Ligand code: MN
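Residue numbers (our numbering): 228 to 386.
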């Protein structure tokens, strides 16, 4: 079964990447301060945050001033994912370890999310043909929807 995954680059009070997986009709979400890494040796902190509606995966624009997370949001990657070693994503999340394969435009191949403590998780690339030491956030900084940079989105949709 193919489910949606999305990564939104978001300049709130701090720049971060919101990593989202469709689970039972909502987007389970983690804020990844440094963004995903293709290097299996690099473990990226991913802080579990509130669920979002499925349609939010396509949102690109500015969250208005005064609202939580005010600032520009870019659809940095979008695609589908499949589960690895599990047929029940909710159970795997409850147990604190979820393996999955991403079919995105920037992120592909096998990954795992592992819970360390409370809402802190680690996002780690598994070693496969898509692993790389290149910094994907630097190499491909723009939107997969519009091709725009975050600053272009900010000025384009200025409130
Ligand atoms: Mn965010």
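The beta-carbon is built from N, C-alpha and C at its ideal position, and this holds for glycine as well.
Note that the coordinates shown come from a computational prediction; the quantities given were computed from them, not determined experimentally.
C-alpha gap between residue 229 and residue 326, whole angstroms = 14 Å
message = DSSP has residue 237 in a bridge; who is on the other side?
response = 243 and 300
message = From the DSSP secondary-structure annotation, give me the bridge partner or partners of residue 279.
response = 254
request  = Helix, strand or coil for residue 319, going by three-state DSSP, please let me know.
outcome  = helix
key: Sequence-distant residues of the same chain with beta carbon closer than 8 Å to residue 358, five excluded per side   = 265, 266, 267, 336 and 352
Per-residue burial, residue 243 [other beta carbons within 10 Å of its own, 16 or more giving buried] = buried
request  = Hey, could you find the ends of the beta strand (DSSP E) residue 337 is sitting in?
outcome  = 335-344
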